[in-house]
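Colleague: Supplied in structure tokens, the structure appears directly below.
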């Protein structure tokens, strides 16, 4: 398998996917890679933090069209970086924010939408 530059998805397609993932899932993590093979340390950290408290949540691999995902996610959060976590349609944050919430004892309730 080789990486093919400019072989990603159209912006409109990615925007629709992001909007649908945020709207249709209680918890969704936009990350580099997937649950079985995270492709960056921050994504792995976010995945681990969420997994401590949730058995079911959606993940979306942004690597397929990273620039388009950055644009679509920025419209929701104001951030272009990943990972990004959303609960009940609300932007929670990246791995550092999740870690901070966990240290404060607030991550589990946040992931439950409280």
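Numbering (full-length UniProt numbering), first residue to last: 1 to 114. From the three backbone atoms N, C-alpha and C, an ideal C-beta is built for every residue, glycine too. Fair warning: this is a prediction, and the values are worked out from it, not measured in the lab.
Could you pull out every residue in the same chain whose Cβ sits closer than 7 Å to the Cβ of residue 77, ignoring the five residues on either side in sequence?
Modeller: Taken in chain order, the residues that qualify are 84 and 91.
Colleague: For residue 86, which residues does DSSP report across the bridge?
Modeller: Note: residue 86 sits in a beta bridge opposite 28 and 91.
Colleague: Under 6 Å Cβ to Cβ from residue 104, same chain only, skipping five residues before and after it: list those, please.
Modeller: Here the set comprises nothing.
Colleague: Is the CB-CB distance between residue 98 and residue 21 below 8 Å?
Modeller: It is not a contact, given that the beta carbons lie outside the stated cut-off.
Colleague: Can you give me the start and stop residues for the alpha helix (DSSP H) that residue 56 sits inside?
Modeller: Per DSSP, residue 56 belongs to no alpha helix (DSSP H) and is neither H nor E.
Colleague: Alpha carbons only, please: which of 16, 58 and 18 is nearest the one belonging to residue 34?
Modeller: It is 58 whose Cα lies nearest to the Cα of residue 34.
Colleague: Measuring only the C-alpha atoms, how far is residue 81 from residue 70?
Modeller: Each residue's Cα considered, the two are about 7 Å apart.
Colleague: Considering Cα atoms alone, identify which of 55, 53 and 72 is closest to residue 62.
Modeller: For the residues 55, 53 and 72, the minimum Cα distance to residue 62 belongs to 72.
Colleague: If we call anything under 8 Å between Cβ atoms a contact, is residue 101 one with residue 54?
Modeller: The answer is no: Cβ separation not under 8 Å.
Colleague: Between 94, 95, 96 and 87, which lies nearest to residue 114 when the distance is taken from Cα to Cα?
Modeller: When only C-alpha atoms are compared, the closest one is 87.
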